[in-house]
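Student:
Numbering (this note's numbering), first residue to last: 1 to 505.
(1) Kindly give me the distance between the Cβ atoms of residue 120 and residue 270, rounded to whole angstroms, as I take these residues to be in contact under 8 Å.
(2) Between the Cα of residue 316 and those of 393, 322, 291, 404, spot the shortest distance and give me the residue it belongs to.
(3) Does the distance from the C-beta atom of residue 238 to that of residue 384 stay below 9 Å?
(4) Would you kindly report the start and end of the unbroken alpha helix (DSSP H) that includes residue 437?
(5) Spatial neighbours of residue 485 within its chain, please: CB distance less than 7 Å, with the 5 preceding and 5 following residues excluded, ordered by chain position.
(6) On the DSSP letters alone, give me the boundaries of the alpha helix (DSSP H) that residue 97 sits inside.
(7) Is the Cβ-Cβ distance between residue 244 and residue 142 less than 9 Å?
(8) When we look at the beta-carbon of residue 225 and count the other beta-carbons within 10 Å, is it buried (16 or more) or exposed?
(9) Alpha carbon to alpha carbon, how far is residue 236 from residue 452? Give it in angstroms, no decimals.
(10) Measuring alpha carbon to alpha carbon, tell me which of 359, 409, 70, 133 ends up nearest residue 312.
(11) Please go through the same chain and pick out, in chain order, the residues whose beta-carbon is closer than 6 Å to the beta-carbon of residue 489, but skip the five residues on each side of it.
(12) To which residues of the same chain is residue 414 closer than 8 Å at the C-beta, ignoring the five residues directly before and after it?
(13) Which same chain residues, not among the five before or five after residue 418, have their C-beta less than 8 Å away from its C-beta?
(14) Considering only C-alpha positions, which residue in the set 292, 248, 147 is nearest to residue 231?
(15) Drop a sphere of 10 angstroms on the beta-carbon of residue 64, count the other beta-carbons inside from all chains shown, and report buried for 16 or more, exposed for fewer.
(16) What distance in whole Å lies between the Cβ atoms of residue 357 and residue 302, which are believed to be in contact at a cut-off of 8 Å?
(17) Hey, quick one: how far does the alpha helix (DSSP H) through residue 310 stretch, first residue to last?
(18) Where does residue 397 sit, in a helix, a strand or coil, going by DSSP?
(19) Got a sec? Which residues, its chain only, sit under 7 Å from residue 79 by beta carbon, not counting five neighbours each side?
(20) According to the neighbour-count rule (16 or more other Cβ atoms, all chains shown, within 10 Å of its Cβ), is residue 331 buried or exposed?
(21) Given that a residue counts as buried once 16 or more other Cβ atoms are within 10 Å of its Cβ, and exposed if not, what is residue 111?
(22) Between the segment 361–380 and the segment 293–310, can you find at least three pairs of beta-carbon atoms closer than 8 Å?
(23) DSSP three-state call for residue 333: helix, strand or coil?
(24) Check residue 129 in the structure and name its three-state DSSP category.
(25) For chain C, find out if any of its Cβ atoms is closer than 9 Å to the Cβ of residue 460; answer yes or no.
(26) Could you check the C-alpha separation between residue 471 and residue 438 for me, to the nearest Å?
(27) Do residue 95 and residue 57 have their C-beta atoms closer together than 9 Å?
(28) Let me know the secondary structure DSSP gives residue 108 once reduced to three states.
(29) Quick one: give me the first and last residue of the alpha helix (DSSP H) that residue 460 is part of.
(30) Let me confirm a value: residue 55 is counted as buried when at least 16 other C-beta atoms fall within 10 Å, else exposed. Which label applies?
(31) Just reading off the beta strand (DSSP E) that residue 421 is part of, what are its end residues?
(32) From the DSSP output, in three-state form, read off residue 235 for me.
(33) Run the CB neighbour count on residue 522, radius 10 Å, all protein chains shown included, and call it buried at 16 or more, exposed below.
(34) Among 337, 381, 441, which residue has its Cα nearest to the Cα of residue 571?
(35) Which residues in the same chain as residue 326 place their Cβ atom closer than 6 Å to its Cβ, once the five residues preceding and following it in sequence are excluded?
(36) How many whole angstroms separate the CB atoms of residue 138 and residue 246, which I take to be in contact at a CB cut-off of 8 Å?
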């Protein structure tokens, strides 16, 4: 039985070979060892190649792929061995999706179905896009139109009508008409997906066309995931992901001039913030509440900084703490000063970027007039402390550069030259946060842990910091792999591979 077929000797996740300073050293030693020792060392290399493949692709390689990886290790190029593993579609389908799906939901579950959040991440990585776009890009990755099924929605008179969607995906006629309706096909055939939106001709109660066309957004809490759920059943779905400009797509979804229902406005490009202004994030972080929830999850997931543990700072002014925060909880002002203000001071200043977003009735809603409504969710507890901050628009002010954690975050001017201290809209806040050193450091550490299945040692941490800077600037040595651009995640995965098998014993 060959090595890769023997389950008893496969290195499990979490194991590591000792006393290997660098794989290139091992490759050098192999060339100078006696025959018996060389065979043993060759077996170790095969184990290393197998373990590396499993950690990246999460599956077993073929014998030819394993031998190709082993050859790269002998040459002292573990990064090129990693690129071989990165070619496996399972890297995107399982490893990458699983790595980030915990960030797509409040429960931090690893069992979240494919959605626009995780599809967006997979699409960015596979297309070699800048990964910092997760915070500021204007995109959504969906199935190509050729894979969308046709709905057959027929009235009793044999004509299409506007419809309402029920939670079980079945379709009923518009209650404003007297005609019944039926859906010819609610479950897509193999290889097809339910669309995110579709056009309908409108008819009056007598079956006569009105001349209007309604574009119905199928992006409800269940119907939205039916698109991605159907897509995930297609084995090569990562290859099918198609990038669309989200703000332009939302013109069809939210800005249809013939639509008379309660849909949102068109999403403006300056308010798109990558995966955090897509529907999955709206469902998880913009429902009820005051939209603060999105800020700590952005920080913990992509800056690796927990607000309470790493960014709590009572030295910052509380000028942006909103009206709903009690200045004397339990009658004790000291509790507010020593605890509450430590997070709310900078959180409330920054989350002004998201004030126009909401999630209700299964829809992500975007309303630029929301703050004119005295009953808007941000003002529900305004009487707790009326003198507190009341947002007037979607501007934000970042107080963190003034605080004691400024060095940890490492704020820098974004590539587009904008300020990292003030701005308008979610996109500019996303650019400010993704330009920090903390973003690059976080991604380097998360990828290292994924590939190596352990946290970095202090000595390795210094190398990871250097690797993070390379990640930000781009790694020209990987041009042949089309992975030389700024913030390229495939390059980061490959470059991390050589650090996994070091030891400080």
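Using N, Cα and C, we set each Cβ at its ideal position, and we do this for glycine too.
Tutor: Let me spell this out:
(1) About 19 Å separates the two Cβ atoms, so there is no contact after all.
(2) 404
(3) Cβ distance not < 9 Å, so residue 238 and residue 384 don't count as in contact.
(4) Looking at the DSSP string, the run of the alpha helix (DSSP H) that includes residue 437 is 437–452.
(5) 128, 130, 474
(6) 97–101
(7) In contact: residue 244 and residue 142 (Cβ atoms closer than 9 Å).
(8) buried
(9) 26 Å
(10) Taking each of 359, 409, 70, 133 in turn and checking the Cα distance to residue 312, the smallest one comes out for 409.
(11) 125, 131
(12) 420, 431, 432, 434, 435
(13) 428, 431, 432
(14) 147
(15) exposed
(16) So it is not a contact: roughly 19 Å between Cβ atoms.
(17) 307–310
(18) strand
(19) 494, 495, 497, 498
(20) exposed
(21) exposed
(22) no
(23) helix
(24) coil
(25) Looking for chain C here will not work: only one protein chain is present.
(26) Just so you know, the alpha carbons of residue 471 and residue 438 end up roughly 12 Å apart.
(27) yes
(28) coil
(29) 458–473
(30) buried
(31) From DSSP, residue 421 is part of no beta strand (DSSP E); its letter is neither H nor E.
(32) Residue state, collapsed to three classes: coil.
(33) There is simply no residue 522 to check, as the chain begins at 1 and stops at 505 in what is shown.
(34) Any property of residue 571 remains undetermined from this structure, which presents the chain solely from 1 to 505.
(35) The residues are 384.
(36) 5 Å
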